[in-house]
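For the sequence shown, our numbering puts the final residue at 113, and the numbers step up evenly by one. Quick reminder that beta carbons are idealized off the backbone N, C-alpha and C, glycines included.
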Amino acid sequence: LVQMTASSSSQRAVCLVPGDAFVRQYDLPCGSRVLRGARLSIEFGCKDSVFACLAGTTPWYEPLATGGDTTAQLCLAMLCEGRKESEGGGASAALRCYTAAAEGGHPD
């Protein structure tokens, strides 16, 4: 099922057959209900540059978060929690990002 809005009444069935793939954007919350058969998953993460892959960074969040994208602010907050202050993270940086996302109206 795909849910297009916050209301569960917007759920619509997506018919997939063996060999089909379903792709979603990183900021789309996911869940699934299998009505018949089995569900198998594999996830791939993509980055915008070789440097980002090698360095383990996510440089695209900062300009999006600064521009007011609440999902980017939330993602950046979660990343800041796992980083040291010397790496641009830490509890205070995470709190700033979580606050910006909440004040911007992010539901999570």
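Given a threshold of 16 other Cβ atoms within 10 Å of its Cβ, counted over all protein chains shown, does Gln133 qualify as buried or as exposed? This structure cannot speak to residue 133, because the chain is shown only from 6 to 113.
Residue environment, Ala26, which counts as buried when at least 16 other CB atoms sit within 10 Å: Against the sequence shown, residue 26 aligns to sequence position 21. Exposed.
Out of Met9, His111, Val22, state which residue places its alpha-carbon closest to the alpha-carbon of Ala70. Start at 1 with the first residue of the sequence shown, and residue 70 comes out as number 65. Ala70 has its Cα closest to that of His111, out of Met9, His111, Val22.
Got a sec? Which residues, its chain only, sit under 6 Å from Tyr103 by beta carbon, not counting five neighbours each side? Against the sequence shown, residue 103 aligns to sequence position 98. Counting only Cβ-Cβ distances below 6 Å, and skipping sequence neighbours, we find Ala82.
CB of Cys85 within 7 Å of CB of Gly94, strictly: One-based indexing of the sequence shown puts residue 85 at position 80. One-based indexing of the sequence shown puts residue 94 at position 89. Yes, these two residues count as a Cβ contact at 7 Å.
Quick check on the burial criterion: 16 or more other C-beta atoms within 10 angstroms. Buried or exposed for Thr76? Translated into the one-based positions of the sequence shown, residue 76 becomes position 71. Thr76 should be labelled buried.
Looking at the structure shown, is Val7 part of a helix, part of a strand, or coil, going by DSSP? Residue 7 sits at position 2 when you count from the first residue of the sequence shown. Note: Val7 maps to strand in three-state DSSP.
Kindly indicate which three-state DSSP category Gln30 falls into: helix, strand or coil? Reading the sequence shown from its first residue, position 25 is the one you call residue 30. Reduced to three states, the DSSP call for Gln30 is coil.
For a test of your reading of the model: does the CB of Met83 fall under 6 Å from any non-hydrogen atom of the ligand SAH? Yes or no. The model depicted lacks the ligand SAH and carries no ligand whatsoever.
Less than 7 Å between the beta carbons of Val1 and Val28, yes or no? A query on residue 1 cannot be resolved here, the shown segment of the chain reaching from 6 to 113 and no further.
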